[in-house]
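See below for the structure under consideration.
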Amino acid sequence: MGHFNNRSVIEKPMESIHRLMTAFVSMSKPYPHDGKSIEARLKNKDAEFKVYLVTKGRVDIWREVDNRLVETAFSPSILGLQGSTYRSQNYYLKFSSDAEISTLPLQAAMKIIEQQSLWRDVFYYQGYLNDRQLHHESLLINSSTYETVCLFLKDLSYYPDSERAKLSVADYILQRSNLARSGVMKVLADLRFGGYIDIQHGKLIKILNSFPRNY
1 MGHFNNRSVI EKPMESIHRL MTAFVSMSKP YPHDGKSIEA RLKNKDAEFK VYLVTKGRVD
61 IWREVDNRLV ETAFSPSILG LQGSTYRSQN YYLKFSSDAE ISTLPLQAAM KIIEQQSLWR
121 DVFYYQGYLN DRQLHHESLL INSSTYETVC LFLKDLSYYP DSERAKLSVA DYILQRSNLA
181 RSGVMKVLAD LRFGGYIDIQ HGKLIKILNS FPRNY
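Numbering (the UniProt record's numbering), first residue to last: 1 to 215.
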């Protein structure tokens with residue numbers, strides 16, 4: 001595994017996302033919510049696959065079997081283009097309270113993609129999503145508690161300041177891993193004491209120095 005101080009950022013294909021969203025918007029409908037964090041499924045109660053367009057806020061993707069947070073997507077994002085029965089049965093979405101969301105049937109989205117020859121954009125965007133999934137899995141494979149904590153800290157450091165201010169560092173790591181709280185808290189305390197991270201009120205302010213290779 002590459003050293004956690006040198007991991008590359010996966011680039012989001014913004015142009016492809018904007019083209020797809022622009023094409024979908026005429027057929028989409030607002031997804032209503034009352035300003036509270038809400039949950040949604042990729043398949044509705046009528047067994048119809050839905051595509052979600054997230055134009056503001058964020059969405060957390062949770063795995064149901066172990067209640068594990070496996071990915072966080074920030075706007076703009078499109079979810080549900082895979083039309084996967086497995087995903088619809090085993091994963092659910094949690095939208096942030098400030099999220100602005102609209103939906104359209106997957107069948108309608110596929111028709112638009114075909115009519116407007118948007119398959120290249122779908123290909124680029126799905127490649128990005130696959131890379132994000134592989135990235136998350138790589139954080140957890142053959143890594144010590146220290147390595148995993150450092151990798152998640154690096155990931156969290158790329159979040160917008162406004163989003164980091166809402167997130168407990170410890171909870172961010174624990175929700176995405178199977179690490180013990182005691183081990184996570186010890187590593188965070190040691191990194192803070194060593195002057196590697198600035199944490200205030202449980203929130204990550206900044207990574208101050210490159211993490212040491214050995215712990």
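For glycine and all other residues, C-beta sits at the position ideal for the given N, C-alpha and C. Note that the coordinates shown come from a computational prediction; the quantities given were computed from them, not determined experimentally.
Within 10 angstroms of the beta-carbon of residue 123 lie fewer than 16 other beta-carbons, which makes it exposed. Assignment of residue 213 by DSSP, reduced to helix, strand and coil, places it in the coil class.
For residue 154, the uninterrupted alpha helix (DSSP H) run begins and ends at 145–157, by DSSP. When the beta-carbon positions are compared, residue 70 and residue 63 come within less than 9 Å of each other.
Here residue 52 really is in contact with residue 101; their C-beta atoms are around 6 Å apart, less than 8 Å. Shown here, residue 59 sits in a strand according to DSSP, grouped into three states.
Across the structure, residue 135 and residue 164 are spaced so that their CA atoms are roughly 20 Å apart. Shown here, residue 45 sits in coil according to DSSP, grouped into three states, outside any helix or strand.
Counting only the Cα atoms, residue 171 lies some 17 Å from residue 73. Counted as a single uninterrupted DSSP element, the beta strand (DSSP E) harbouring residue 199 occupies residues 197–200.
Secondary structure at residue 19: helix, using DSSP grouped into helix, strand and coil. Listed as beta-bridge partners of residue 68 by DSSP are 63.
Between the alpha carbons of residue 181 and residue 125 lies a gap of roughly 35 Å.
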